[in-house]
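S.K.:
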Amino acid sequence: MGQQWGIEIFKIICAENNFENFNTPGFFMSDNNNDKTQLADSAIPERAVTKVDSQQEPSIPKCVLCINAHPDDQEFTVGGALAKWAQQGAYIVTVVITSGDAGSNEHTPAEMTKTQLAALREVEQRNACAVLGIQETVFLHYPDGTLQPTLDLRRDLTRLIRKYKPDAVVCGDPTARFFGNSYMNHPDHRAAGDAACDAVFPSAGTKFIFPELLAEGYMPHNVSRVFLHGSEKSDVWIDVSETLELKVRALKEHASQIGAWDPTEMMQEWARDEGKARGIAFAESFRVMILQEEKPEQEKEREAKHEFAEAVL
Ligand SMILES: [Zn+2]
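The numbering used here numbers the first residue of the sequence shown as 561 and each following residue consecutively.
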């Protein structure tokens, strides 16, 4: 099942892990092996028009803001896709809302303080980003484990969207609540996804929402696409066969969380499961929201000529 890895991810990412439970069968009941996008059966068909071409890999974004709650969330979920995009010229900014100072009971030494752990995990995250080819890493320093989708968080994320002006935002699916019958999504993940989506729309593009940001010099910006990972309604698959190794290497940078464990086999298994739905050897899947249609180059040229002609007349 395509989403099995997504489910498994959330079992590992946020501490207190029991590695024996990873292969619990039957997490996922739904069947995504059809050729239509999952949005086709939306309850609001007029608004949820199907625009996603599930058969084709999406175009490479020019600038990406990848927003997650904790250090290592990104590496477990979307490291392969980000590395691929980076190799093809995307400018990527990683935003980590907390610094992971709750850590994991298993791997956190008894004498380590929360402050020390946060500092260590920030270093690990920066090193992981370097492995993936990501240009910038931003920490917002919210407390780990008690994250809420507050207006303050939404404003902070809106500021970053307006600053970097990404055409694509990557975040977790905030509607992912229960996975199968044995894992409940970490509340920080849901809060991060909620705040990220709300920052994308309507806050980032609406000038009179958070007018204080205008005073700071941050003008409205419209994001074209949102890539949601860990979704039960994936409709886009990205082939990560060439970058899976980088994903594993990046993940290994989070030694304070995974210890000496080698994630290679598990990452391969998840990516293999993901790819099955589309006949791809190794894949990562997303639910993609298209908020602004991309215009083909020819159309842009036509419009430019039209504007020029109008100006001349
Ligand atoms: Zn997490």
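Even for Gly, the Cβ is constructed at its ideal location relative to N, Cα and C.
Going straight from the alpha carbon of P709 to that of A688, what length do you get?
M.R.: The alpha-carbon atoms of P709 and A688 are separated by roughly 26 Å.
S.K.: Under a three-way DSSP split, which group does S816 fall into?
M.R.: Looking at S816 - three-state DSSP - the assignment turns out to be helix.
S.K.: For S816, would you say it is in contact with chain C, using Cβ-to-Cβ distances shorter than 7 Å as the test?
M.R.: Among the protein chains of the structure shown there is no chain C, as only one such chain exists.
S.K.: Is it the case that the CB of H781 approaches a heavy atom of ligand 1 more closely than 6 Å?
M.R.: For ligand 1, not one heavy atom lies less than 6 Å from the Cβ of H781.
S.K.: Between the C-alpha atoms of V656 and R722, what's the straight-line distance to the nearest angstrom?
M.R.: Approximately 17 Å between the Cα atoms of the pair.
S.K.: Taking only three categories from DSSP, how would you classify T597?
M.R.: Interpretation of T597 is limited by its pLDDT of 47, a score under 50 that renders its predicted location unreliable; the figure taken from the coordinates is listed afterwards. In the structure shown, T597 sits in coil (DSSP, three-state: anything other than H, G, I, E or B).
S.K.: Which parts of the segment 741–795 are runs of the beta strand (DSSP E), unbroken and 3 residues or longer, counting only runs that do not cross its ends?
M.R.: Entirely contained in the segment 741–795, the beta strand (DSSP E) runs reaching 3 residues are, in chain order, 785–789.
S.K.: Quick check: the Cα distance between L804 and R832, rounded to an integer number of angstroms?
M.R.: Taking the straight line joining both Cα atoms gives about 11 Å.
S.K.: On the three-pair Cβ rule with 8 Å, is the segment 787–797 touching the segment 819–828?
M.R.: Contact fails: fewer than three Cβ-Cβ distances are below 8 Å.
S.K.: To the nearest whole angstrom, what separates the beta carbons of G765 and P780, a pair I think is in contact under 8 Å?
M.R.: Indeed they touch by this definition, with Cβ atoms about 5 Å apart.
S.K.: Return yes when the C-beta of H667 is under 6 Å from any heavy atom of ligand 1, and no when it is not.
M.R.: For ligand 1, not one heavy atom lies less than 6 Å from the Cβ of H667.
S.K.: Can you check DSSP and say which residues form a bridge with F636?
M.R.: For F636, which the question treats as bridged, DSSP gives no partner whatsoever.
S.K.: Taking only heavy atoms of ligand 1 into account, decide whether any of them is closer than 6 Å to the Cβ of D799.
M.R.: Not so, every heavy atom of ligand 1 lies at least 6 Å from the Cβ.
S.K.: How big is the Cα-Cα spacing for E684 and P631?
M.R.: The alpha-carbon atoms of E684 and P631 are separated by roughly 8 Å.
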